[in-house]
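Here's the structure, in structure tokens; my notes come after.
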Amino acid sequence: MSAFDALVRPALVRISAPEGGYDPHGDPFWGTGFFIAPGWVLTCAHVVAKGGSAVWREEPAVGITWEGGRTTGRVVLAKPRPATPDQELASWDFPDLALVRVDGAEHADCVRLSERPPTTPSRVSLHGWALQTGEPGVRDVEGEAFGAVGKALLVRDAVFIEGCSGGPVVDLGRGAVIGVIKGRGDGEGAVVPLTSLRELHDVSEAPVLHDALRAHDRHHRRRASRPGHSWTAAQTALWSPTARGVSPRRRAQLYGHFAELPPPDGPGEVMSLVDAVKRRVLHPDYQAVLETDARTWRDGVGRLHELPAGPGRLDGTDLGLDAVLLYAAHVARHVTDRYGEEAGPAGLTGLVDWIAGESGEAHPAVHEEITALLAPGPPPAAAVPARKAGARADVRVEVDPVPYSTPPRYAWRVMLLFDGRTVSPLSGDDTGVTRDRLRETLRGPLADALGLGDSGDHLAAVEAVLPRELFDEPLDTWRLSPDDEPFGERSLPLGQRRAVVVRDRYRSHHPPSPEWRRRWRGSESGPLRAVPLRAEVLTQGAEGHAPQLRRETRMAAFIRLDAAADGSVPVYCGPAGGGDGQRAMEAALAAGHPIALWRHSAREHTDCADFHKRAGMFLDGVRGAEGLHRPVRTLRRMRADDAEAGPEERSEHAWAEDLAVLYDPPDRPPYEVPLQGPPLLGEGER
Numbered sequence: 032m033s034a035f036d037a038l039v040r041p042a043l044v045r046i047s048a049p050e051g052g053y054d055p056h057g058d059p060f061w062g063t064g065f066f067i068a069p070g071w072v073l074t075c076a077h078v079v080a081k082g083g084s085a086v087w088r089e090e091p092a093v094g095i096t097w098e099g100g101r102t103t104g105r106v107v108l109a110k111p112r113p114a115t116p117d118q119e120l121a122s123w124d125f126p127d128l129a130l131v132r133v134d135g136a137e138h139a140d141c142v143r144l145s146e147r148p149p150t151t152p153s154r155v156s157l158h159g160w161a162l163q164t165g166e167p168g169v170r171d172v173e174g175e176a177f178g179a180v181g182k183a184l185l186v187r188d189a190v191f192i193e194g195c196s197g198g199p200v201v202d203l204g205r206g207a208v209i210g211v212i213k214g215r216g217d218g219e220g221a222v223v224p225l226t227s228l229r230e231l232h233d234v235s236e237a238p239v240l241h242d243a244l245r246a247h248d249r250h251h252r253r254r255a256s257r258p259g260h261s262w263t264a265a266q267t268a269l270w271s272p273t274a275r276g277v278s279p280r281r282r283a284q285l286y287g288h289f290a291e292l293p294p295p296d297g298p299g300e301v302m303s304l305v306d307a308v309k310r311r312v313l314h315p316d317y318q319a320v321l322e323t324d325a326r327t328w329r330d331g332v333g334r335l336h337e338l339p340a341g342p343g344r345l346d347g348t349d350l351g352l353d354a355v356l357l358y359a360a361h362v363a364r365h366v367t368d369r370y371g372e373e374a375g376p377a378g379l380t381g382l383v384d385w386i387a388g389e390s391g392e393a394h395p396a397v398h399e400e401i402t403a404l405l406a407p408g409p410p411p412a413a414a415v416p417a418r419k420a421g422a423r424a425d426v427r428v429e430v431d432p433v434p435y436s437t438p439p440r441y442a443w444r445v446m447l448l449f450d451g452r453t454v455s456p457l458s459g460d461d462t463g464v465t466r467d468r469l470r471e472t473l474r475g476p477l478a479d480a481l482g483l484g485d486s487g488d489h490l491a492a493v494e495a496v497l498p499r500e501l502f503d504e505p506l507d508t509w510r511l512s513p514d515d516e517p518f519g520e521r522s523l524p525l526g527q528r529r530a531v532v533v534r535d536r537y538r539s540h541h542p543p544s545p546e547w548r549r550r551w552r553g554s555e556s557g558p559l560r561a562v563p564l565r566a567e568v569l570t571q572g573a574e575g576h577a578p579q580l581r582r583e584t585r586m587a588a589f590i591r592l593d594a595a596a597d598g599s600v601p602v603y604c605g606p607a608g609g610g611d612g613q614r615a616m617e618a619a620l621a622a623g624h625p626i627a628l629w630r631h632s633a634r635e636h637t638d639c640a641d642f643h644k645r646a647g648m649f650l651d652g653v654r655g656a657e658g659l660h661r662p663v664r665t666l667r668r669m670r671a672d673d674a675e676a677g678p679e680e681r682s683e684h685a686w687a688e689d690l691a692v693l694y695d696p697p698d699r700p701p702y703e704v705p706l707q708g709p710p711l712l713g714e715g716e717r
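Adding 31 to a residue's 1-based position in the sequence shown gives its number in our numbering.
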């Protein structure tokens, strides 16, 4: 056996029906799994599904056999999983993973999990149980991970044998598990990359996966400090004798300290610290090239510990070591700021002491910053030049009509927008979907993107860049959680929790006009003043639009809106995605107006006079463009509260029902920047 074969085998488990069997007429052998931490087994969802409804009811229905003994386990996380225990899925889509809680295995050996996306090509070894000779036996084979299709990592030159599904795939160059065997095809096999494990974080509100990963890191920190054969020792053997930087032993120790901290709130919280470190050690204008769905503090190290040496670094220090130690110090400061100097978690002291002991090898300037970050009290401003207030990034959603499609279809793309100017694509579909499917289609990509954009208490805004016929799409009412999820912050409509605005897709394709730039400068400085989007409302009575008045033409609206003072905000009590409202909105856009308010509801409104009066009073209280978002969000919440209470008389917030906001600065992102598809698995920074 190779060094890694010998390390994997004690952690490898055979999964079957429990002793005695739930299905006495079936095959008791289901497949393979492996310990990722004492008491925690990872496998494929389709493997444990062979146990039927008892598995999905979280009964101790999974038989676990390994070198250390035999016991039963309960499936606590799985994706996908049947909607009801008795349902049978016709197919097992990615990630096809299940986490099994195993009692009586507190001393089991565990594999070492990679904290980085897999890179290709790479030599790998695959491990699993099989029935080649009629009796269960362990199989260890080698192959090459050579690419990716969708969410699958592809492996060739290895024979995938039935029963090995759920077994680990080890990167032989890095000495860590990078995936889980899923199945076989024509001459190659499909592997679930370990990065897909992060999808299990969202299956349960309880921090189940965090608990398992923290147990994993504690386990390897203990093993790394002992003499003898271990994953850390085997990884160290792969290092060059002259290698410097973040050694496997250092990473094992650091991850063990991270395991004692409360987990981050989301990927944006981790990546904002990673970005700060890279701006310090690489370039002040650094922006992420490849996004990572980072869910643990250790994930941030995976983006840093193999940074290449920078130009002009002749002092012998290692850029990766500088970056990781500075990142660890930022994590310590971040956790301290969150909980306070006196209320910090018990494990924080151990992390601070470890960083202080290791930072002597960092570049002197980096060592000075680390010392300032770790010092009690607020750090000097010079020690945190790269940390930014606010959300890490906003989320930009672009929707385009697909030409000549019947019925009409809309292509979409979701991306991050850094500092209002740098775009990082995440996901999209150029084939498009019909309008009625936009909400359901975008729910998952939007949730993922917002997780990357949010940072701590600071929430990313949503900019929807739409064709004009979709201006009345009720984006502010969209919920990202399932409709049956209990009331909570995740179940709030988008517009009640964060800024949600509309931008004009047509205008974004062209250089900003002088009128647009001038009006934006006026809106930025303020004050804001309401101007009717359509002239009819100027003489309108309480019964709605007066039919005896001549409808304002688009050109007449343009002339009037073009003459409006800078800082004017067109307002309208009806929809703007069609008919009179759309023609007037086109006139407002042609006149350069960057902000507008209207109602996206198409039903007949009889309160337009009140709407325009109250919209004017509302805008009088807003100093400038940047001050608009919070009051709008508050209005939406108050309106929702009135609707839930069901008052008998008209509420003072009723005018804000179905309120939509055009917020369209001319300076972001640059119109000439070509959009690119999301990066493939394993591409990007090395």
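Virtual Cβ for every residue (Gly too), placed ideally from N, Cα, C. These figures come from a predicted structure and were not determined experimentally.
{"Item": "Inter-residue Cα distance where the pair is GLY297 and ALA480", "Value": "11 Å"}
{"Item": "Residue from ARG147, VAL93, GLY198 with nearest C-alpha to ALA42", "Value": "GLY198"}
{"Item": "Where the beta strand (DSSP E) through TYR441 begins and ends", "Value": "440-449"}
{"Item": "Element boundaries [alpha helix (DSSP H), containing HIS394]", "Value": "That residue, HIS394, is in no alpha helix (DSSP H); it is neither H nor E in DSSP."}
{"Item": "Beta-carbon proximity list for ALA615, same chain, < 6 Å, skipping 5 on both sides", "Value": "LEU564, ARG565, ALA588"}
{"Item": "Beta carbon of ALA561 nearer than 8 Å to that of ALA619", "Value": "no"}
{"Item": "Helix, strand or coil at TRP262 according to DSSP, with G and I counted as helix", "Value": "helix"}
{"Item": "Endpoints, the alpha helix (DSSP H) within which LYS309 is located", "Value": "298-312"}
{"Item": "Alpha helix (DSSP H) runs contained entirely in the segment 181-262, provided each spans 4 or more residues", "Value": "239-255"}
{"Item": "Nearest to PRO224 (by Cα), restricted to the options GLU230, HIS232, GLY210", "Value": "GLY210"}
{"Item": "Collapsed DSSP secondary structure at GLY104 in the structure displayed", "Value": "strand"}
{"Item": "Validate contact between the segment 156-163 and the segment 119-135 using beta carbons, cut 8 Å, 3 pairs", "Value": "no"}
{"Item": "According to DSSP, residues forming a beta bridge with TYR694", "Value": "ILE626"}
{"Item": "Residue closest to GLY623, alpha-carbon to alpha-carbon, out of ARG549, GLY351, SER436, PRO439", "Value": "ARG549"}
{"Item": "Spatial distance of LEU350 from GLY206 (CA atoms)", "Value": "22 Å"}
{"Item": "Chain-order list of residues whose beta-carbon lies under 6 Å from that of GLU714 (same chain, five-residue window excluded)", "Value": "Because GLU714 sits at a pLDDT of 36, beneath the cut-off of 50, its placement in the model cannot be relied upon, and the following sentence gives the value as read from the coordinates. There are no such residues."}
{"Item": "Beta-bridge pairing of TRP97 - partner residues as DSSP gives them", "Value": "GLY100"}
{"Item": "DSSP three-state assignment for GLU574, whether helix, strand or coil", "Value": "Any reading at GLU574 must be qualified, since the residue scores a pLDDT of 42, below 50, and its modelled position is unreliable; the value itself is stated next. GLU574: coil per DSSP, three-state reduction."}
{"Item": "Nearest candidate by alpha-carbon position, reference ALA491, set GLY299, THR380, PRO558", "Value": "GLY299"}
{"Item": "C-beta contact flag for ARG667 and ALA687 at 8 Å", "Value": "yes"}
{"Item": "Buried or exposed (CB count within 10 angstroms, at least 16 for buried), ALA437", "Value": "According to the sequence displayed, residue 437 carries Thr and not Ala. Exposed, by the Cβ-count rule."}
{"Item": "Reference VAL496, options GLU617, ARG427, ASP134, closest by Cα", "Value": "ARG427"}
{"Item": "Environment of ARG444 [buried if 16+ CB atoms lie within 10 Å]", "Value": "buried"}
{"Item": "Neighbourhood of VAL383 by C-beta distance below 7 Å, restricted to the same chain and skipping five residues each side", "Value": "ALA363, LEU405"}
{"Item": "6 Å CB neighbourhood of LEU472 in its chain, flanking five on each side removed", "Value": "Leu is not the amino acid found at residue 472; the sequence shown has Thr there. So the qualifying residues of the chain are VAL464."}
{"Item": "Close Cβ partners of THR102 (< 7 Å) along its chain, the five nearest in sequence each way excluded", "Value": "ILE95, VAL133, ASP134, GLY135, ALA136"}
{"Item": "Counted within 10 angstroms of its Cβ, other Cβ atoms place THR380 as buried (16 or more) or exposed", "Value": "exposed"}
{"Item": "Euclidean distance between Cα positions of VAL79 and GLU337", "Value": "37 Å"}
{"Item": "Endpoints, beta strand (DSSP E) assigned at TRP123", "Value": "Element bounds for TRP123: n/a, residue is neither H nor E."}
{"Item": "When HIS260, LEU357, ASP202 are compared against SER153, the one with the closest alpha-carbon", "Value": "ASP202"}
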